[in-house]
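Mapped onto our numbering, the consecutive letters of the sequence shown carry residue numbers 156 to 376. Backbone N, C-alpha and C define an ideal beta-carbon position, used for all residues, glycine too. The structure presented is a predicted model; accordingly, all values stated were derived computationally and were not measured. See structure below.
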Amino acid sequence: MEGHNLLISTINLEDQKTVTMELIEKNGVVTQKVLRYDDFLSIVNDKEIFTERIHIPKLPEHTVSIRWDDEATYEAVIFVPGGKRYANFLDQDLNICYPNILFRATVLQSRMTGSAIFAVKEDFETISEKTEVFNYPYGNVAAGSGSICWGNTALPDILTPCDLNKVLWMFFSAKTNNHLWHQGENAMIESIDELYLRMTKAETFDESLLVPAGSFDELLG
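And the structure:
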């Protein structure tokens, strides 16, 4: 590989007693050495030689999974427990019940380039790749893809993974409407107006209203 040293190992498959190793330096110099197979294995298994330690900073509470490139580029899935919290629907300030939620954020060079949100019936401790996920039942989210519509909201730079907590706060405090909401797709109820009304009076979210969307592995894994 241009600009790098290259190590080539050749194993004699007939007797597996020796391994020929060639080091091709970036200046073109080739060094060859024959090792006993056992010595070769000890080198391969030496994690100090072949493994680069990666520092992962503090993650948001209830992080379910993270695909990590570096501190500026990754994809994270965060669990948000259900409960009563603020909502704004058509300029009305409400206190409504939410189901358990999975929020996925794609961060590229410290900018959030993608976001999706789904509902789940399971708790944080039991979520797996086979967990069934459901469409987010309220406004500002497309059924099926779970894609969040941020409108004119100016999202902050994501300098650390914990900055995703700010994004979640912005999501729950944002004004919502009925533009992306569809009966029988976002929720099994007559209208989004009725859903907000019922969930202001309830103590917990009615999970029978949730619409299946697929599995965690299909949509978030």
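| task | Could you please give the first and the last residue of the uninterrupted alpha helix (DSSP H) stretch that includes M325? | result | For the purposes of this step, residue 325 is identified with residue 170 of the sequence shown, where counting begins at 1. Segment 319-328, the alpha helix (DSSP H) holding M325.
| message | Looking only at its chain, what residues have a beta carbon closer than 6 Å to the beta carbon of L263, apart from the 5 residues adjacent to it on each side? | response | Here residue 263 refers to the residue found at position 108 when the sequence shown is read from its first residue. Cβ neighbours of L263 beyond the five flanking positions: T228.
| request: Hey, could you find the ends of the beta strand (DSSP E) Y351 is sitting in? | output: Taking the first residue of the sequence shown as position 1, residue 351 is located at position 196. No beta strand (DSSP E) contains Y351, which is instead part of the alpha helix (DSSP H) from 347-356.
| query | Excluding sequence positions up to five away, which residues of its chain have a Cβ less than 8 Å from the Cβ of E358? | reply | As a position in the sequence shown, residue 358 is number 203, starting the count at 1. For E358, where only same-chain residues beyond five positions count, the Cβ hits under 8 Å are K239, C252.
| task | Select from P316, H334, I282 the residue whose C-alpha is nearest the C-alpha of G294. | result | Residue 294 sits at position 139 when you count from the first residue of the sequence shown. Considering only alpha carbons, the answer is H334.
| said: Can you tell me whether L310 is helix, strand or coil according to DSSP? | reply: To locate residue 310, count along the sequence shown from 1; it is residue 155. The answer is coil: DSSP assigns L310 none of H, G, I, E or B.
| Spatial neighbours of F244 in its chain, beta-carbon cut-off 7 Å, leaving aside the 5 residues before and after | Walking along the sequence shown from the start, residue 244 turns up at place 89. Answer for F244: G294, T331, Y351, listed in chain order.
| task | Grab me the residues of T261's own chain with a C-beta within less than 6 Å of its C-beta, minus the 5 sequence neighbours each way, in chain order. | result | The residue you call residue 261 lines up with position 106 of the sequence shown. Once the five neighbours on either side are set aside, the close Cβ partners of T261 are E230, T268, G269.
| In terms of residues, what are the limits of the alpha helix (DSSP H) holding L374? | Residue mapping note: residue 374 aligns to position 219 of the sequence shown, counting from 1. From DSSP, the alpha helix (DSSP H) with L374 extends over 371-374.
| message | Rounded to the nearest angstrom, what separates L364 and W324 at their Cα positions? | response | Counting from one through the sequence shown, the residue named residue 364 turns up at place 209. Counting from one through the sequence shown, the residue named residue 324 turns up at place 169. For L364 and W324, the distance between alpha carbons rounds to 24 Å.
| task | Report the option in F273, N255, V322, T281 whose CA atom is closest to the CA atom of P236. | result | Counting from 1 along the sequence shown, the entry for residue 236 is found at position 81. P236 has its Cα closest to that of N255, out of F273, N255, V322, T281.
| request: Taking all protein chains shown into account, decide if P316 is buried (16 or more other Cβ within 10 angstroms of its Cβ) or exposed. | output: For the purposes of this step, residue 316 is taken as residue 161 along the sequence shown, with counting starting at 1. Classification of P316: buried, given that the 10 Å Cβ count is 16 or more.
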